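Enquirer: Take any residue in the sequence shown, count from 1 to its spot, add 21: that is its number in the numbering used here. In this text, a Cβ means the ideal position worked out from N, Cα and C, and glycines have one as well. Remember, it's a predicted structure, so these values are computed and weren't measured experimentally. Got a structure here, written out as C-alpha cells. Questions coming.
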Amino acid sequence: MLTGYDIVYFGDNWDGVLRNRQQLMSIFARHNKVLFIERGNSLQTTISLLKKKQLHLTDLFRPLVRQISDNLFVFHEPVWAPASEKFLLGHLTGLLRHLSLRYAMRRLAIKQPIVWYYHPNWLDFIDGVPSSRLRLYHVVDEYTSFQDKTAAMKQHIEARERELSQQVDAVIVVSEKLYESKAPLHPNTYIVPNGVNYQAYSEALARPELPAEMAAVKAPILGYSGLIGDKLELDMLKDLALKQPDWSFVFLGPVNANQKQATWQSLCAMPNVFHFGPVDWSEVPNYVKGFDVGLMPYVQNRNSDNISPLKLYDYLAAGLPVVSLDIPAARKFKDHIYLAAHPEDFESAVCQALGQTSPEQQQARRAVAAQHTWEARVETLSDLILTQLTIKSEQNGLKKCKGEKSNASS
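Spelled out as C-alpha cells, the structure:
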C-alpha cells in the first residue's frame with residue numbers, strides 16, 4: 022500500500038452522500054496524510070443562502086480546515102471568496118481561494134503531494150498545487166449524460182475534461198464504458214471499479230437488532246439506498262407499489278428529483294412506501310441488513326451505462342438478493358443477482374428474488390462482495406500510483422541527462 026506520501030484530493034462535500042472518494046481517502050489516510058478539498062459556493066448561491074438565512078455572518082469566520090482523523094483533513098473553500106463569473110471579482114476570489122489552500126497546506130506541512138481531481142470543474146485549480154509530484158483525474162460518472170445539462174453545458178464540460186486530461190499523469194475510471202470514452206484522452210487510463218466497506222457490513226450483521234423505524238416496517242421489505250432522483254424509474258416503482266400493497270418499499274438517502282418530483286411525492290404518499298431520509302454513514306449497514314431485497318431501479322440510458330453503483334456491492338455484502346434493471350454494471354454480476362431486461366420485467370425479477378435468503382445463499386453473495394473491498398481497491402490504486410511515480414521519475418531523469426549533455430556540448 023502507498024505509504025508516507027501527502028495526498029490532496031479535490032472532491033465535493035465530505036459530509037454528503039457517501040461516495041467512493043470518502044471511502045478511498047479514509048483508507049489512504051491510514052498510511053498517508055490526506056487533505057480533502059470541498060468546493061465552495063458560487064456568488065449567486067452565497068447570496069441566496071444569506072437571503073434564506075441559511076448562511077450567517079459567523080460562517081465567515083469558521084475554520085477553513087477541520088480534522089477527521091489523525092491523518093485526514095478537510096479544507097472548505099472560504100465563504101468570503103465565492104466563485105464568480107464576473108471577470109474582476111472572479112479573478113480576485115479565485116486568487117484568494119488559491120492562497121487560502123496554499124496557506125492550509127503549509128500549516129499541515131504538505132509538500133510535493135499526489136494531487137487528485139474528481140471533476141472537470143476543478144480545472145481552475147490545475148496549477149493550484151505547483152509542487153505536486155503526480156496528478157490524477159478520477160472519473161466516476163459521464164458528466165455530460167446528466168439530464169439537467171444543456172447542450173452548451175455539455176460542450177463546456179467536454180472541453181474542460183479534455184484539457185484536464187492533458188494536464189494529468191494518469192486517468193482512473195470506474196467502468197468499462199468510461200474507459201472507452203476516456204482512454205482516447207490519455208494513454209495512461211486505468212479501470213478501478215468501486216467497492217464496499219465489507220467490515221462495516223460484517224459488524225452490522227453480527228448485531229441482530231434493527232433501527233426502530235426499520236423494525237416497524239412489515240416484511241417483505243424492498244429497499245433502495247442512495248441518491249433518489251431522476252436517474253431512477255420512479256414510475257415503475259410507483260406502479261409496483263400500487264400493484265403489490267403487501268410489499269413494503271424503503272428508501273434511504275437524499276432526494277434530488279427535478280423532472281420527477283411529482284412522481285416521487287405521489288410514491289411517498291402510498292401507505293406501503295417509507296422514506297427514512299439521509300442516514301448517517303455509520304448507520305446505513307444497520308438499515309440495509311433489514312431489507313429482504315436490494316433494488317437497483319436505474320433508468321436504462323447513457324448515464325447508467327457508465328456507472329459503478331456502490332449499492333450493488335453494499336447489498337451483496339449484506340447477503341441480500343439484488344434486483345436490477347439490465348445495465349452494464351449489473352450485467353457483470355448476472356450469476357449472483359436478478360436482472361430485469363425492461364421495466365415491465367422488474368416485478369417478475371423481484372418475485373424470483375424474494376425468499377432467496379438461505380444462509381448458504383447469503384454467504385455466497387457475501388463471498389462475492391469480499392472480493393471487492395475498498396482495501397483491495399486502494400491496493401490496486403497504490404500499485405498504479407507507484408508505477409506512475411517510477412515512470413515520471415525515469416522521464417525526469419532522462420530529461421535531466423539530456424540537458425546536461427546539451428550544456429556540455431555547448
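1. Between which residues of its own chain and residue 225 is the CB-CB distance below 6 Å, once the five residues before and five after are set aside?
2. Can you tell me whether residue 409 is buried or exposed, with buried defined as 16 or more other CB within 10 angstroms of its CB?
3. Using the Cα positions of residue 41 and residue 216, report the straight-line distance between them to the nearest angstrom.
4. Please list, in chain order, all residues of the same chain as residue 324 whose beta carbon is under 8 Å from its beta carbon, the five residues on each side excluded.
5. Thinking C-beta only, is residue 379 closer than 7 Å to residue 358?
6. Note down, in chain order, each residue of its chain lying with its Cβ closer than 8 Å to the Cβ of residue 129, except the 5 sequence neighbours on either side.
7. DSSP on residue 57, reduced to helix/strand/coil?
8. Measuring only the C-alpha atoms, how far is residue 275 from residue 406?
9. If distances are taken between C-alpha atoms only, which option among 361, 201, 113 and 299 comes closest to residue 327?
10. Taking the alpha-carbon positions, what's the residue 65 to residue 74 distance?
11. Taking its Cβ as the centre, do 16 or more other Cβ atoms sit within 10 Å of residue 198, making it buried, or is it exposed?
12. Mind reading off the beta-carbon distance from residue 302 to residue 249? Whole number of angstroms is fine, and I expect it under 8 Å.
13. Quick one: Cα of residue 294 to Cα of residue 333, how far?
14. Tell me, please, which residues DSSP counts as bridged to residue 210.
15. Considering only residues of the same chain and omitting the five flanking positions on each side of residue 371, which have a CB-CB separation below 7 Å?
16. Compare the Cα-Cα distances from residue 292 to each of 278, 282 and 263 and report the closest residue.
17. Between residue 245 and residue 316, is the Cβ-Cβ spacing less than 7 Å?
18. CB-CB under 8 Å to residue 247, same chain, minus the five flanking residues each way: which ones, in chain order?
19. In terms of DSSP beta bridges, what is residue 30 paired with?
20. Is residue 219 near residue 394, with beta carbons less than 7 Å apart?
21. Using the DSSP secondary-structure output, state which residues sit across from residue 90 in a beta bridge.
22. In whole angstroms, what is the alpha-carbon distance linking residue 187 and residue 133?
23. Rounded to whole angstroms, what's the CA-CA distance from residue 277 to residue 299? Just pull it up for me.
24. On a CA-only basis, which of 118, 181 and 123 is nearest residue 144? Give me that one, please.
25. Can you list, in chain order, the residues of its chain whose CB lies under 6 Å from that of residue 347, leaving out five sequence neighbours each side?
26. Taking DSSP as the reference, what is the three-state secondary structure of residue 153?
27. Report the rounded CA-to-CA distance for residue 240 versus residue 288, giving the unit in angstroms.
28. Tell me the residue span of the beta strand (DSSP E) that contains residue 242.
29. In angstroms, rounded to a whole number, what distance separates the CA positions of residue 266 and residue 403?
Expert: On the basis of the supplied data:
1. Along the sequence shown, one-based indexing puts residue 225 at 204. If we look at residue 225 and ignore the five residues flanking it on each side, its Cβ neighbours are 306, 307 and 310.
2. Walking along the sequence shown from the start, residue 409 turns up at place 388. Buried, because 16 or more other Cβ atoms sit within 10 Å of the Cβ of residue 409.
3. For the purposes of this step, residue 41 is identified with residue 20 of the sequence shown, where counting begins at 1. For the purposes of this step, residue 216 is identified with residue 195 of the sequence shown, where counting begins at 1. Cα-Cα distance, rounded: 8 Å.
4. Reading the sequence shown from its first residue, position 303 is the one you call residue 324. Result list for residue 324: 162, 163, 166, 167, 168 and 252, in chain order.
5. Translated into the one-based positions of the sequence shown, residue 358 becomes position 337. Translated into the one-based positions of the sequence shown, residue 379 becomes position 358. Contact flag unset, no.
6. Indexing the sequence shown from 1 puts residue 129 at position 108. Contacts found: 54, 56, 86 and 94.
7. Locating residue 57 in the sequence shown gives position 36, counting from the first residue. Three-state result, residue 57: strand.
8. In the sequence shown, residue 275 corresponds to position 254, counting from 1. In the sequence shown, residue 406 corresponds to position 385, counting from 1. Answer to the nearest angstrom: the Cα atoms are 34 Å apart.
9. As a position in the sequence shown, residue 327 is number 306, starting the count at 1. Nearest C-alpha to residue 327: 201.
10. On the sequence shown, position 44 is the one that residue 65 refers to. On the sequence shown, position 53 is the one that residue 74 refers to. Distance between the alpha carbons of residue 65 and residue 74 is about 14 Å.
11. Position 177 of the sequence shown holds residue 198. Buried is the call here.
12. Position 281 of the sequence shown, counted from the start, is the residue given in the question as residue 302. Position 228 of the sequence shown, counted from the start, is the residue given in the question as residue 249. So it is not a contact: roughly 17 Å between Cβ atoms.
13. Indexing the sequence shown from 1 puts residue 294 at position 273. Indexing the sequence shown from 1 puts residue 333 at position 312. Between residue 294 and residue 333, the C-alpha separation is close to 21 Å.
14. Counting from one through the sequence shown, the residue named residue 210 turns up at place 189. According to DSSP, residue 210 bridges with 192.
15. Within the sequence shown, numbered from 1, the residue matching residue 371 stands at position 350. Result list for residue 371: 243, 314 and 344, in chain order.
16. Taking the sequence shown and counting its residues from 1, one reaches residue 292 at position 271. Nearest C-alpha to residue 292: 263.
17. Reading the sequence shown from its first residue, position 224 is the one you call residue 245. Reading the sequence shown from its first residue, position 295 is the one you call residue 316. Result yes, Cβ atoms of residue 245 and residue 316 sit closer than 7 Å.
18. Indexing the sequence shown from 1 puts residue 247 at position 226. Excluding residues within five positions, the ones whose Cβ falls inside 8 Å are 38, 273, 274, 330, 331 and 332.
19. Numbered from 1 along the sequence shown, position 9 holds the residue referred to as residue 30. In DSSP, residue 30 forms a bridge with 57 and 137.
20. The sequence position of residue 219 within the sequence shown is 198, counting from 1. The sequence position of residue 394 within the sequence shown is 373, counting from 1. Their beta carbons are under 7 Å apart, which means residue 219 touches residue 394 by this criterion.
21. Along the sequence shown, one-based indexing puts residue 90 at 69. Partner(s): 93.
22. The residue you call residue 187 lines up with position 166 of the sequence shown. The residue you call residue 133 lines up with position 112 of the sequence shown. Looking at the two C-alpha atoms, the distance is approximately 20 Å.
23. Counted from its first residue, the sequence shown places residue 277 at position 256. Counted from its first residue, the sequence shown places residue 299 at position 278. Looking at the two C-alpha atoms, the distance is approximately 12 Å.
24. Along the sequence shown, one-based indexing puts residue 144 at 123. Of the candidates 118, 181 and 123, the one whose C-alpha sits nearest the C-alpha of residue 144 is 181.
25. What you label residue 347 is simply residue 326 of the sequence shown in a count that begins at 1. 360 and 362, listed in sequence order.
26. The count along the sequence shown starts at 1 and reaches residue 153 at position 132. Reduced to three states, the DSSP call for residue 153 is coil.
27. Residue mapping note: residue 240 aligns to position 219 of the sequence shown, counting from 1. Residue mapping note: residue 288 aligns to position 267 of the sequence shown, counting from 1. Taking the straight line joining both Cα atoms gives about 18 Å.
28. Locating residue 242 in the sequence shown gives position 221, where the first residue counts as 1. Start and end: 242–246.
29. Indexing the sequence shown from 1 puts residue 266 at position 245. Indexing the sequence shown from 1 puts residue 403 at position 382. One C-alpha to the other measures close to 49 Å.
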